[in-house]
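A short worksheet on the structure shown next.
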Amino acid sequence: MKWTGSHALSVVAIALAACLAAGAPDAAAQEQGPRNPISSFFNAIFGGGQQQRQQQHYENPNRRPSDLVPNRRPSERRTEQRRSRPQPQQSAPRRSSTQAASAPAPKTTKNPDAMKVVVFGDAFASGLAKGLEDAFAENADLVVVARGEEGLGLAGAAPNSLKAKVDAYIAEATEEARTKAAAAVAAKAEAEARAKAEAEAQAQAEAADEPDAASDGAELVADPDAPGETEGAGDAAPVVEARPDIGAAVVMVGMGDRTPITTADGSVAFGTEMWRDLYSQRVEALMETFTTAGIPLYWVGLPPVEDSRLSAELGFFNEVFRMRSYRAGAEFVDIWNGFVDANNAYAQSGPDIKGEIRELRTGDGAGFTVAGNRKLAHFVAREIRRDFVREGEVVTDVTVMSRAGPRPFMPSEEMRRTGRGEVVNLNGLSGTGLLAGGLDEGPTPPENSAYRKVILQGHTLPPESGRSDDFSWPREPAGG
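Mapped onto mature numbering (1 follows the signal peptide of the UniProt record, and there is no 0), the consecutive letters of the sequence shown carry residue numbers -24 to -1, 1 to 456.
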């Protein structure tokens, strides 16, 4: 087919018609500057409609500014859209089964008259108190009171010692208990007076209703010898004796006591014989504070640490605590073996109260982790339960406790003064020489009994005729 001039004019006419159909550029396109006629011609034929649709899409007023950038690729726009979307609220991280298993047990609401176990001491005592709170979390009859303070001890200056803190707390608790007891006595006296007045009023009413008294017009005359209503009103109120509201005390101290002891005469260096005597005296004085107030005392020993030299020094403290606890009648709780390995050396980790291997000590090689404090409290809680808990209930009466189970050993005054125990004869056997149950031999068996003949006298029973153990000769006929 040959192209003629008429055909060329037809193609040009069709192209011009297409340009007119595409329309004039909008105001936004005009603002961008004049276009190339040749590119406009080919865009009108091959891509003009698509470009127009893109321009209409960009000029949509409901679009976000990020969508109005025509040079950005679709993947970039989708990324920008995801970033601009509101992020969903981050939920709390899920706890692993191990963390959930180690969560503390829910605490039970304590009774108003629950027995108080007060923990005194240094930073170790603070961690011990938290462990005891978890140990007795489900016991409504026992509440733990934390009175530990970092840096507190028995060395240093006397006014800043642990004993001063204990004396102040016991005095405050005693005064509070005395106030409650006095209020209870006053309430009881008021109730008795009210009951007495009501009884007298009822007696007078019954006497007025009697016929004889009404006809005679007799009047009730008070006995002059009888005590008056106001007698004794001016007397002073009786002194009410009360014990402090402390069921038991727990003391753990000594980690920070490796310092000189300050006295009125000067400073005494740590580790000397004089230092040991002074420190032992302070330990005894603190223990006597509890025993005088009638408060059972549990003195907790110190644990091993990573530093072997420091562990040896802490072992010296434990020996002092053990001996003084024996003399004062306190219960010494030895925890050393619970935090060492098979070689009796310091252990950073070990089994917790559930038998799982956990980190028990902190990174400094001295403190306790949460699991370590819980294991530390386990040894103390075991002793408290043995002495106070009976069939799930807390027993606070001393007489009941002494009948129900063992109590901490209470030495005599002579033993406490001299430090000497009971004298035991090591050269001979003690006792009367009688076996247990020797005074009661039981009933005597009869003379002709088979038991007496065979067991006691050693005779044999005559065999039955015809039995396999019958060796008599000549044999007798069976049944004959």
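Glycine included, every Cβ here is placed at the ideal spot set by N, Cα and C.
Remember, predicted model here, so these are calculated numbers, not experimental data.
(request) Whole angstroms is fine: what's the gap from W275's alpha carbon to S301's? (result) 7 Å
(request) Just grab the DSSP bridge partners of R274 for me. (result) Note that residue 274 is Tyr in the sequence shown, not Arg. For Y274, which the question treats as bridged, DSSP gives the partners V226, E307.
(message) Quick check: the segment 144 to 163 against the segment 279 to 289, are at least 3 beta-carbon pairs closer than 8 Å?
(response) no
(request) Would you give the residue range spanned by the alpha helix (DSSP H) that L254 belongs to? (result) 249 to 268
(request) Could you pull the start and end residues of the beta strand (DSSP E) that E335 belongs to? (result) 333 to 335
(request) Determine the DSSP secondary structure at M299, reduced to helix, strand or coil. (result) helix
(request) Would you mind sorting F308 into buried or exposed? The rule is 16 or more other CB atoms within 10 Å of its CB. (result) buried
(message) Per DSSP, what are the beta-bridge partners of residue 542 in this structure?
(response) Because the chain spans -24 through 456 in this model, residue 542 falls outside it and cannot be assessed.
(request) Label E109 either buried or exposed according to how many other C-beta atoms from any shown protein chain fall within 10 Å of its C-beta, with 16 as the threshold for buried. (result) buried
(message) Going by DSSP, what residue range makes up the beta strand (DSSP E) through V121?
(response) 118 to 124
(message) Tell me which residue opens and which closes the beta strand (DSSP E) that T235 is part of.
(response) First-last for T235: undefined, no H or E at that position.
(message) Relative to the C-alpha of T267, which candidate in A99, D143, A105 has its C-alpha closest?
(response) D143
(message) Excluding the 5 residues flanking V120 on each side, which residues of the same chain have their C-beta closer than 7 Å to its C-beta?
(response) V93, V95, A105, L108, E109, F112
(request) Return the Cβ separation of V229 and L128 in integer angstroms, given the expectation that the two are a contact with Cβ distance under 8 Å. (result) 7 Å
(request) Give a yes or no on whether the C-beta atoms belonging to D253 and A131 are separated by under 7 Å. (result) no
(request) Please specify which runs of the alpha helix (DSSP H), each continuous and at least 4 residues long, are wholly inside the segment 125 to 162, giving them in chain order. (result) none
(message) Does F344 come out as helix, strand or coil in the three-state DSSP assignment?
(response) strand
(request) List the DSSP bridge partners of residue 470. (result) Because the chain spans -24 through 456 in this model, residue 470 falls outside it and cannot be assessed.
(request) Report back the beta-carbon spacing between G124 and A99 to the nearest angstrom; my notes put them in contact at under 8 Å. (result) 7 Å
(request) Consult DSSP for F112 and reduce its assignment to one of helix, strand or coil. (result) coil
(message) In the DSSP assignment, the beta strand (DSSP E) including G97 goes from what residue to what residue?
(response) 91 to 97
(request) With a threshold of 16 other CB atoms inside 10 Å of the CB of V430, please say whether the residue is buried or exposed. (result) exposed
(request) Would you grab the beta carbon distance between I146 and T265 for me? Rounded to a whole angstrom, and I think it's under 8 Å. (result) 7 Å
(message) Between the alpha carbons of N349 and G97, how many angstroms are there, rounded?
(response) 14 Å
(request) Let me know the secondary structure DSSP gives I(-11) once reduced to three states. (result) helix
(message) Let's test the definition: count the other Cβ atoms within 10 Å of the Cβ of K139 and tell me whether it reaches 16, buried, or not, exposed.
(response) buried
(request) Drop a sphere of 10 angstroms on the beta-carbon of I333, count the other beta-carbons inside from all chains shown, and report buried for 16 or more, exposed for fewer. (result) exposed
(message) Bridge partners for G339 per DSSP, in chain order?
(response) Paired residues: none, contrary to the question.
(request) For F447, name the three-state secondary structure that DSSP assigns. (result) coil
(request) Give a yes or no on whether the C-beta atoms belonging to V296 and S325 are separated by under 7 Å. (result) no
(request) Evaluate W449 with the Cβ neighbour count: other Cβ atoms within 10 Å of its Cβ, from every protein chain shown; 16 or more gives buried, anything less gives exposed. (result) exposed
(request) Grab the span of the beta strand (DSSP E) containing V244 for me, first residue to last. (result) 242 to 244
(request) Use the C-beta contact count for D363: other C-beta atoms within 10 angstroms, 16 or more gives buried, fewer gives exposed. (result) buried
(request) For T85, I'd like the list of residues in its chain whose CB is within less than 8 Å of its CB, leaving aside the five on either flank, ordered along the chain. (result) A116
(request) Kindly identify the DSSP beta-bridge partner or partners of V281. (result) Answer is none; V281 lacks a bridge partner.
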